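Structure first, commentary second.
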Amino acid sequence: MQQQNMNMQNQQGIMQQPPAVISTKDALYLTDMLTWNLLACKKAHFYAQQCQDQEIKTHFEQCGQMHQRHYEQLLAHLNQQNQQNFMGMQ
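First residue of the sequence shown? That's 35 in the numbering used here, and the numbers climb one at a time after it.
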């Protein structure tokens, strides 16, 4: 099964850079990813506030920070793509 998946990747090729245009399906998926990360960040922050065990609280805070970083990275990438597309239109 693994060999079959690797053969399919070799036939299709690996994309070195993301496409210049994002499809509607891709945009919806990215929106979902932003939403999931924001929700996970908020939940981790809420749980950290509820914890009395400092070690568990620290883990929740680290988890929330990780999801916040992922959210910000996605947003920065989308903003960069948007600016490049806008500049290309002028």
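Heads up, the beta-carbon is just placed ideally off N, CA and C, and yes, glycines get one too. This one's a predicted model, so the numbers in the text were calculated from it and none came from an experiment.
How many angstroms separate the CA atom of residue i from the CA atom of residue j?
{"i": "Leu109", "j": "Arg103", "result": "10 angstroms"}
{"i": "Thr65", "j": "Gln99", "result": "19 angstroms"}
{"i": "His93", "j": "Gln107", "result": "21 angstroms"}
{"i": "Ile48", "j": "Asn116", "result": "23 angstroms"}
{"i": "Cys85", "j": "Glu95", "result": "11 angstroms"}
{"i": "Gln50", "j": "Gln88", "result": "43 angstroms"}
On the criterion of 16 or more Cβ atoms from any shown chain inside 10 Å, does residue i qualify as buried, or is it exposed?
{"i": "Tyr105", "result": "buried"}
{"i": "Asn113", "result": "exposed"}
{"i": "His111", "result": "exposed"}
I'd like the list of long-range same chain contacts for residue i, defined as Cβ closer than 7 angstroms, with 5 residues on each side in sequence excluded.
{"i": "Met67", "result": "Leu108"}
{"i": "His74", "result": "Strictly speaking, residue 74 in this sequence is Ala, with His absent from that position. Around Ala74: His101."}
TODO: Examine the Cβ distances between the stretch 55 to 69 and the stretch 78 to 95 and report whether three or more of them are shorter than 8 angstroms.
DONE: Counting Cβ pairs under 8 angstroms, fewer than three are found: no touch.
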